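Engineer: Anchor point for the sequence shown: position 72 equals 72 in full-length UniProt numbering, and the numbering is continuous, going up by one each time.
Positions of the beta carbon are idealized from the N, C-alpha and C atoms, including for glycine.
Keep in mind it's a predicted model, so treat the numbers as computed, not measured.
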Amino acid sequence: MQAAYQTLQAIGDLHEVGYLHRDIKPQNFAVGLGEEEKMIFMLDFGIARKYTVGNTKQVKVPRLQVKFLGTLRFASRACHNGIEQGRKDDLETWVYMVRLRTRMEIPP
1 MQAAYQTLQA IGDLHEVGYL HRDIKPQNFA VGLGEEEKMI FMLDFGIARK
51 YTVGNTKQVK VPRLQVKFLG TLRFASRACH NGIEQGRKDD LETWVYMVRL
101 RTRMEIPP
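(1) Between which two residues does the beta strand (DSSP E) harbouring Met42 extend?
(2) Does the count of Cβ pairs from the stretch 7-18 and the stretch 44-55 closer than 8 Å reach three?
(3) For Leu8 and Phe45, I'd like the C-alpha separation in whole angstroms.
(4) What do you reckon, are the CB atoms on Arg22 and Ile47 nearer than 7 Å?
(5) Leaving out five residues on either side along the sequence, give the residues of the same chain with a beta carbon under 8 Å from the beta carbon of Phe68.
(6) Thinking just about the alpha-carbon of each residue, which of Arg77, Lys25 and Met97 is nearest to the one in Asp89?
(7) Kindly list the residues whose CB is nearer than 8 Å to the CB of Gly32, restricted to its own chain and excluding five residues on each side of it in sequence; keep chain order.
(8) Since I believe Glu84 is in contact with Val66 (beta carbons under 8 Å), could you give me their beta-carbon distance rounded to a whole number of angstroms?
Shown next, in the form of structure tokens:
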């Protein structure tokens, strides 16, 4: 569960600086080497998007229609439905990732 906590903390840190990852999945996290072997690092910011206005905490107005981005297996419901993603979608896909890793059953 320490790995799950570290990945969640990384998502929170990214959100704190005003960005969404939009492609949370196991392949986008890596374990460090040597002295950093107990650290997990977030990777692949290729479809990350700033969700705040400038350097403020004000959230941008959602776009009315967006194309699918990310990985089908780990995409949020909003992403599948062409709805602008937000912080909740990174968290939803984190739950899918943790569920896969821990084999937990969650309701549909």
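Structural biologist: With the given structure in hand:
(1) Taking the sequence shown and counting its residues from 1, the one referred to as residue 42 is at position 42. Per DSSP, Met42 belongs to the beta strand (DSSP E) from Ile40 to Met42.
(2) yes
(3) As a position in the sequence shown, residue 8 is number 8, starting the count at 1. As a position in the sequence shown, residue 45 is number 45, starting the count at 1. Their Cα atoms are separated by approximately 16 Å.
(4) In the sequence shown, the residue the question calls residue 22 occupies position 22. In the sequence shown, the residue the question calls residue 47 occupies position 47. Yes, these two residues count as a Cβ contact at 7 Å.
(5) Position 68 of the sequence shown, counted from the first residue, corresponds to residue 68. Excluding residues within five positions, the ones whose Cβ falls inside 8 Å are Ala75, Cys79, His80 and Gly82.
(6) Looking up residue 89 in the sequence shown gives position 89. Ranking Arg77, Lys25 and Met97 by Cα distance to Asp89 puts Arg77 first.
(7) For this step, residue 32 is matched to residue 32 along the sequence shown. Excluding sequence neighbours, Gly32 sits near Lys38, Met39, Ile40 and Phe41.
(8) Walking along the sequence shown from the start, residue 66 turns up at place 66. Walking along the sequence shown from the start, residue 84 turns up at place 84. The Cβ separation is near 5 Å, so the contact holds.
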